[in-house]
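Okay, so the sequence shown: first residue is 31 according to the working numbering, each after it adds one.
Every residue gets a Cβ at the ideal spot worked out from N, C-alpha and C, and that includes glycine.
The structure under discussion appears below in the form of structure tokens.
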Amino acid sequence: MAHCEAGSPRAERPELAEILKQHAHDLTYLSNDQARVVSALSACRTVALGGHLQRCDHCGRENPVYNSCRNRHCPKCQSLEQALWVEAQARDLLPVPYFHEVFTLPHCLNPLFLGEQNVAHALLFEAAANTVIDVCRSNLGATPGLIAMLHTWNQKFEHHPHIHAIATGGGLSQDGERWISSKPSFFLPVLRLSEVFRGKLLEAFELALKEGRLRTPESAGRLLLRRAAAQDFVVYSKPPMAGPEQVLRYLGRYTHRIAISNERLLAHRDGEVTFSFKDRKDAGRRKEMTLPGVEFTRRFLLHVVPRRFVRVRHYGVLANGVKARRLARARSLLATPAPPEPSQAKPESWQDAYRRLVGKDPLLCLACRVGRLVVVADIPRSLTPPRHASASRSP
Numbered sequence: 031m032a033h034c035e036a037g038s039p040r041a042e043r044p045e046l047a048e049i050l051k052q053h054a055h056d057l058t059y060l061s062n063d064q065a066r067v068v069s070a071l072s073a074c075r076t077v078a079l080g081g082h083l084q085r086c087d088h089c090g091r092e093n094p095v096y097n098s099c100r101n102r103h104c105p106k107c108q109s110l111e112q113a114l115w116v117e118a119q120a121r122d123l124l125p126v127p128y129f130h131e132v133f134t135l136p137h138c139l140n141p142l143f144l145g146e147q148n149v150a151h152a153l154l155f156e157a158a159a160n161t162v163i164d165v166c167r168s169n170l171g172a173t174p175g176l177i178a179m180l181h182t183w184n185q186k187f188e189h190h191p192h193i194h195a196i197a198t199g200g201g202l203s204q205d206g207e208r209w210i211s212s213k214p215s216f217f218l219p220v221l222r223l224s225e226v227f228r229g230k231l232l233e234a235f236e237l238a239l240k241e242g243r244l245r246t247p248e249s250a251g252r253l254l255l256r257r258a259a260a261q262d263f264v265v266y267s268k269p270p271m272a273g274p275e276q277v278l279r280y281l282g283r284y285t286h287r288i289a290i291s292n293e294r295l296l297a298h299r300d301g302e303v304t305f306s307f308k309d310r311k312d313a314g315r316r317k318e319m320t321l322p323g324v325e326f327t328r329r330f331l332l333h334v335v336p337r338r339f340v341r342v343r344h345y346g347v348l349a350n351g352v353k354a355r356r357l358a359r360a361r362s363l364l365a366t367p368a369p370p371e372p373s374q375a376k377p378e379s380w381q382d383a384y385r386r387l388v389g390k391d392p393l394l395c396l397a398c399r400v401g402r403l404v405v406v407a408d409i410p411r412s413l414t415p416p417r418h419a420s421a422s423r424s425p
């Protein structure tokens, strides 16, 4: 492994799919979920998934467009889904300050997350969310609204499970008769959050080990818990957000993010991969790191979550099942109207949604930038896609 200051010249930008196709078979083991991700990303926007042939109605240029894999781990399939999700969340925003909390844990607990991800990550979610809710109730006498997001990586692509939480600055009183606000520039004491979070997570892991819900043997797991109990569980509290627009930017930044984007990939040659990262220990300076292709692939696949695992969850005022009632009560107390209901007219096409939310026209001919692209033929799926298939690609 090597790293240096970013900025060195590089050849054509590589793509994650190419790296996975070349190196995944060298790994000694892939879970079913990991194998599905490798297969999906390798086929994404290639003839393997089929597509259609487009022709410009102005210049006549023809262009094959291949279908997307729509896998949530794919760096090429997130922009529209992210924009639609963020737009939906905008309907739930309240005219109150919002705070960004980050819950981290000692690295000695990482092995507990590798054996049974569904259980371990769910325990992490519950510990972080219940910490915010309990401390808010204790300090303010209020139940906040909370959106929690799981990330499992750091800038160096290492295993680093942690929770990002966006919380309302205050919440509903226990009887639901008042909205109790926090101070505009201060939500909850981070030392108290850290203490409560540590207690909740260690207790939850201890019970899970006792009940055999984790693959780690109970004796080994208890040793990890004892080590962790002697260390700090760091909770970061970011400054309050400056209005709904910043809240939406934060949500867009943290929700549909994957472990690494194609934009951070700098080179893939001689069996090695070079990518950029921000060095948090050096004032966030942009640097480069080079890893063997197999190690890069192993690190990426560490961050594959199981199918149907929910990576963004809502709690408190925003909890599923009570959100509509509690949001209506909060809006009434805050004297703010509910947003208009979405139109029940003809469903919006993905092209119109992409144009409206992303700001680009997917049907504009990129050759003449005048004509419109019209579908003239279907392209069937191929069982043997070319190794380096490339074409213009649908969003």
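Need the endpoints of the beta strand (DSSP E) that residue i sits in, please.
| i | result |
| --- | --- |
| residue 403 | 403–409 |
| residue 102 | Note, residue 102: premise wrong, no beta strand (DSSP E); not H, not E. |
| residue 342 | 342–346 |
| residue 359 | Where residue 359 is concerned, there is no enclosing beta strand (DSSP E), although the alpha helix (DSSP H) it sits in stretches over 353–363. |
| residue 182 | 175–183 |
| residue 386 | That residue, residue 386, is in no beta strand (DSSP E); its alpha helix (DSSP H) goes 380–388. |
| residue 267 | 265–267 |
What are the partner residues of residue i, as DSSP defines its beta bridges?
| i | result |
| --- | --- |
| residue 307 | 317 |
| residue 84 | 93 and 405 |
| residue 209 | 202 |
| residue 196 | 130 and 177 |
| residue 322 | 302 |
| residue 190 | DSSP, once it has assigned bridges, lists no residue as partnering residue 190. |
| residue 216 | 213 |
| residue 297 | 304 |
| residue 394 | 402 |
Please report the residue range of the alpha helix (DSSP H) in which residue i lies.
| i | result |
| --- | --- |
| residue 166 | 147–170 |
| residue 274 | 274–284 |
| residue 49 | 46–53 |
| residue 339 | Run containing residue 339: none; DSSP gives neither H nor E here. |
| residue 253 | 248–259 |
| residue 220 | 220–240 |
| residue 70 | 62–73 |
| residue 117 | 109–120 |
By how many angstroms is the C-alpha of residue j removed from the C-alpha of residue i?
| i | j | result |
| --- | --- | --- |
| residue 236 | residue 255 | 8 angstroms |
| residue 40 | residue 345 | With a pLDDT of only 45 at residue 40, under 50, the local geometry of the prediction cannot be trusted, and the value read off the model is given with reservation. One C-alpha to the other measures close to 45 angstroms. |
| residue 76 | residue 409 | 10 angstroms |
| residue 181 | residue 194 | 7 angstroms |
| residue 248 | residue 227 | 22 angstroms |
| residue 290 | residue 316 | 15 angstroms |
| residue 321 | residue 67 | 21 angstroms |
| residue 354 | residue 361 | 11 angstroms |
| residue 46 | residue 257 | 36 angstroms |
| residue 215 | residue 326 | 41 angstroms |
| residue 405 | residue 106 | 22 angstroms |
| residue 160 | residue 340 | 17 angstroms |
| residue 384 | residue 278 | 17 angstroms |
| residue 369 | residue 124 | 10 angstroms |
| residue 357 | residue 154 | 26 angstroms |
| residue 412 | residue 366 | 54 angstroms |
| residue 80 | residue 72 | 13 angstroms |
| residue 38 | residue 329 | Reliability of the predicted coordinates at residue 38 is poor, the pLDDT of 46 falling under 50, and the value obtained from them is presented with this limitation in mind. If you take the alpha carbons of residue 38 and residue 329, they lie about 24 angstroms apart. |
| residue 51 | residue 324 | 11 angstroms |
Just tell me which of the options has its CA closest to the CA of residue i.
| i | options | result |
| --- | --- | --- |
| residue 86 | 392, 412 and 410 | 392 |
| residue 274 | 120, 130, 226 and 292 | 120 |
| residue 128 | 198, 222, 380 and 263 | 198 |
| residue 223 | 266, 214 and 107 | 266 |
| residue 165 | 206, 225 and 318 | 225 |
| residue 184 | 309, 96 and 106 | 309 |
| residue 428 | 272, 162 and 239 | No answer is possible for residue 428: it lies beyond the span of the chain, which begins at 31 and ends at 425. |
| residue 261 | 83, 134 and 405 | 134 |
| residue 387 | 111, 51 and 74 | 111 |
| residue 44 | 231, 69, 78 and 300 | 300 |
| residue 233 | 411, 259, 298 and 175 | 259 |
| residue 229 | 156, 394 and 382 | 156 |
| residue 205 | 71, 359, 351 and 370 | 359 |
| residue 170 | 200, 179 and 189 | 200 |
| residue 303 | 380, 96, 313 and 292 | 292 |
| residue 192 | 221, 137, 364 and 396 | 137 |
| residue 297 | 65, 318 and 153 | 318 |
| residue 187 | 140, 324 and 333 | 333 |
| residue 407 | 372, 396, 84 and 239 | 84 |
| residue 342 | 196, 50 and 231 | 196 |
| residue 178 | 132, 190 and 167 | 132 |
| residue 337 | 65, 364 and 54 | 65 |
Is the segment 134–152 touching the segment 236–247 in the sense that three or more CB pairs, one from each, lie closer than 8 angstroms? Yes: the two stretches touch, three or more of their Cβ pairs being nearer than 8 angstroms.
Any chance the segment 277–285 sits against the segment 91–105, with 3 or more Cβ pairs inside 8 angstroms? no
Report yes or no: do three or more beta-carbon pairs, one from the segment 395–409 and one from the segment 84–92, lie closer than 8 angstroms? yes
Pairs of beta-carbons, one from the segment 138–147 and one from the segment 210–218, closer than 8 angstroms: are there three or more? no
Should the segment 110–124 be called in touch with the segment 53–61, which here means at least 3 C-beta pairs below 8 angstroms? no
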